[in-house]
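Last residue of the sequence shown: 1263 (the numbering used here), numbering continuous. Structure, as structure tokens:
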Amino acid sequence: MSNQNVSIPQLIADTQGINNDARNQASSKLSYLEEKHFLQYVVELCRILGSNNEQSTIRQGAGLLLKNCIGAGTERSEQYINKRKLRWESLQDNDKNRIKDS
1162 MSNQNVSIPQ LIADTQGINN DARNQASSKL SYLEEKHFLQ YVVELCRILG
1212 SNNEQSTIRQ GAGLLLKNCI GAGTERSEQY INKRKLRWES LQDNDKNRIK
1262 DS
């Protein structure tokens, strides 16, 4: 899966829809983007969250996704939390600042 031409706001909208297949596909794509393109994914979630041009439900969805990929989300296992810490620590300082400034 390529991240080119992927609309994260549209994927968020699809996760909120009533079509099970579309929800599952959108969730899978968002998980892929989080795993494979973490920095760009988080920066885009921050952009969406702070944008007045996005619908409030999309901004709320971006906020939840951001919380879940930076924090522990609903998963509280030590392994999961350590994975999050290692991912953050592996980023270069300028990338961490880019996320913080978003």
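Glycine residues also receive a C-beta, built at the ideal position from the N, C-alpha and C atoms.
By the 16-neighbour rule on beta-carbons within 10 angstroms, L1206 is buried. Around R1184, the same chain offers D1175, T1176 and G1178 as residues with beta carbons nearer than 7 Å, after the five sequence neighbours per side are excluded.
I1231 sits away from R1220, with the two beta carbons spaced by 8 Å or more. DSSP, reduced to helix, strand and coil, places N1255 within a helical segment of the structure shown. For V1203, the enclosing alpha helix (DSSP H) stretches over residues F1199 to L1210. Within 10 angstroms of the beta-carbon of G1222 lie 16 or more other beta-carbons, which makes it buried. Assignment of I1179 by DSSP, reduced to helix, strand and coil, places it in the coil class. In the structure shown, the three-state DSSP call for G1222 is helix.
Distance check between N1255 and each of L1200, N1181 and L1194 places L1200 closest, using alpha-carbon atoms only.
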